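*Asks:* Sharing a structure below in structure tokens format, with a few things to ask.
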Amino acid sequence: MLRRICSLILLFSFGVAAAVDTSVSVPMKATRVGTHSYYIQGLAGAASADNQGFMSNAGFVVTRKGVVVFDTLGTPPLAGKMLGIIRKITKQPVRIVIVSHYHADHYYGVQVFKEQGAEIWAHRNAEGQTRTENAALRLAQRKEVLFPWVNESTKLTEPDRFLEGDTDFELGGVHFNIRHVGPAHSDEDLAMLVREDRVLYAGDLVFKGRVPFVGEADSKAWLKSLDKLIALKPRVMVPGHGAASTMPLKDLTLTRDYLMFIRNEMAKAVDELIPFDEAYARTDWTRYQDLPAFEEANRPNAYNTYLLMEQEKLK
13 MLRRICSLIL
23 LFSFGVAAAV
33 DTSVSVPMKA
43 TRVGTHSYYI
53 QGLAGAASAD
63 NQGFMSNAGF
73 VVTRKGVVVF
83 DTLGTPPLAG
93 KMLGIIRKIT
103 KQPVRIVIVS
113 HYHADHYYGV
123 QVFKEQGAEI
133 WAHRNAEGQT
143 RTENAALRLA
153 QRKEVLFPWV
163 NESTKLTEPD
173 RFLEGDTDFE
183 LGGVHFNIRH
193 VGPAHSDEDL
203 AMLVREDRVL
213 YAGDLVFKGR
223 VPFVGEADSK
233 AWLKSLDKLI
243 ALKPRVMVPG
253 HGAASTMPLK
263 DLTLTRDYLM
273 FIRNEMAKAV
283 DELIPFDEAY
293 ARTDWTRYQD
303 LPAFEEANRP
313 NAYNTYLLME
323 QEKLK
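Take the sequence shown: its position 108, counted from the start at 1, is 120 in the numbering used here, and no numbers get skipped.
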């Protein structure tokens, strides 16, 4: 009798688990920004159950011999919805996926495209990123915050090909310039220019209309990388978050100015031996405090920059 009761409990539990709905209800659409180039814009703010993790951008480029995808959104179900949108535009298969960097909101959808036969490309500095302690902690956090869209079936997928630096290639008559622009937001940052369209997919080097997530980034190198993007002279720039820009030089300003401001304020505090908490409280954040992601990102950004300024002072 006890064995039968246990079996019934297991069957009931399996039925409940199998019935979990992982479908995505947030609206998603592709916006055309060039003859071949499209992008999908995530919602503002940090990843949450309300936005189902849809808070970053992704792009794709349609050629006569296949599709190149740039980033894959923050959950497998979001990537599945993106794939459905691509298939409404073209029957060409997805050949290549470029991962701008291995942060959860940009690569958790990789497994969906990998299962469709796409080859996954990333910079060499991304090697082993899925096996770090930080990656495991982030996955556990995402399972808690974004369940059921991130769950036990979510795989942290390694690249198939590692790029050693800048890489140019052609597919179906369309020419692509991949540029390594790290270490900046991450060590492995990649940006992609579609030459015929002059469309630049910039990844998280540019956050349009919101506070960037600095993390442990080298903000000094990040500022140099922004200059490298400017040198590509794009007509349209698709940032990692926010709307595409038809005025790239103007819209690079927010990210650049924020990084310069936070570096200058924390550098002054370090020079004057002011403890971080006091320095943070003294700083006038008025210009940025109403931007999306300020509450979630600004204090960690300031703290990590404070530590960076201490390191730079010792050099």
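Note that beta-carbon positions come from the ideal geometry of N, C-alpha and C, so glycine has one too.
Every value quoted in this text rests on a predicted model; they were computed, and no experiment measured them.
Which first and last residues belong to the alpha helix (DSSP H) in which residue 210 is found?
*Replies:* Neither: residue 210 is in no alpha helix (DSSP H) and is coded neither H nor E.
*Asks:* How is residue 263 classed by DSSP in three states: helix, strand or coil?
*Replies:* helix
*Asks:* Following the continuous alpha helix (DSSP H) through residue 309, name the residue where it begins and the one where it ends.
*Replies:* 306-326
*Asks:* Using the rule of at least 16 other Cβ atoms within 10 Å of the residue's Cβ for burial, across every protein chain shown, is residue 15 buried or exposed?
*Replies:* Reliability of the predicted coordinates at residue 15 is poor, the pLDDT of 47 falling under 50, and the value obtained from them is presented with this limitation in mind. A residue is called buried once 16 or more other Cβ atoms fall within 10 Å of its Cβ, and residue 15, having fewer, is exposed.
*Asks:* Verify whether the separation of the beta carbon atoms of residue 91 and residue 111 is less than 8 Å.
*Replies:* no
*Asks:* Cα separation between residue 128 and residue 106?
*Replies:* Taking the straight line joining both Cα atoms gives about 8 Å.
*Asks:* Tell me whether the beta-carbon of residue 310 lies closer than 8 Å to the beta-carbon of residue 228.
*Replies:* no
*Asks:* Starting from residue 101 and walking both ways along the alpha helix (DSSP H), at which residues does that stretch end?
*Replies:* 88-101
*Asks:* Could you check where the alpha helix (DSSP H) with residue 242 kicks off and where it finishes?
*Replies:* 231-243
*Asks:* According to DSSP, residue 52 sits in a beta bridge with which residue or residues?
*Replies:* 42, 70
*Asks:* Buried or exposed for residue 175, please, with buried defined as at least 16 other CB atoms from any protein chain shown within 10 angstroms of its CB.
*Replies:* buried
*Asks:* Out of 200, 308, 89, 44, which one is the CA nearest neighbour of residue 158?
*Replies:* 89
*Asks:* Can you find at least 3 beta carbon pairs, one from the segment 199-208 and one from the segment 41-58, that sit closer than 8 Å?
*Replies:* yes
*Asks:* Can you tell me which of 168, 201, 224 puts its alpha carbon nearest to the alpha carbon of residue 213?
*Replies:* 201
*Asks:* Could you check what DSSP says for residue 28 in three-state terms: helix, strand or coil?
*Replies:* In this prediction, residue 28 has a pLDDT of 38, which is less than 50 and means its spatial position is unreliable; what the coordinates show is noted afterwards. It is helical.
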